[in-house]
Each structure stands twice: as structure tokens, then as C-alpha cells.
Amino acid sequence: MEKKLKFFLDEKGDVLDVSVGDPQTATSEEIGDDIIIHKNDDGEVVGFTVLNFIKRFKKLGDTREVPVTAKFATA
């Protein structure tokens, strides 16, 4: 089933959460410096969190990679 990405930015907490479809119960695992993935009971990645998001990207031109692969398509 096709699902849309949902983005939630907590500016005060400086946290970006991205979920595939509606947020759901998941197990979290830190996979890099302030990068956390969320997996459902089937082991599928259902979202990820980036801590210190605003601080990381405050400087124009500063880029980081999130070690998550996605397949994108337009409706």
C-alpha cells in the first residue's frame, strides 16, 4: 500500500520526526549521530527522527545524509 511521508518539526525541542503514513507503535534504534529509525513488528522502517535538526542545518549550504533509502513517486 502506498503511504505518504508525514513531517513533524518540534522547533523548541529541535527535533524532526518523519513517519511513513500515520505514526504507529515502533521499536527505535539509533543508527548514527542523532539519527534514530523506527521499525514496526515486521522490521519495516516506518519513520525516522533527526535530533538537533535546526542546529545541524542552520548554516546555509551545510548538508548531511540520513542513512535511509526511499522510493519516491508522484500521484
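Residue numbers for the sequence shown, in this note's numbering: 1 to 75.
Just so it is clear, CB atoms sit at the ideal spot from N, CA and C, and this is done for glycine as well.
In the structure shown, the three-state DSSP call for Lys-55 is helix. Put simply, of Asp-17, Gly-43 and Leu-5 the residue whose alpha carbon is nearest the alpha carbon of Phe-53 is Asp-17. Counting other Cβ atoms within 10 Å of its Cβ, Ile-37 reaches 16 or more and is therefore classed as buried.
Rounded to the nearest whole angstrom, the CA to CA distance from Gly-32 to Thr-49 is 11 Å. When the beta-carbon positions are compared, Gly-43 and Pro-23 stay at least 8 Å from each other.
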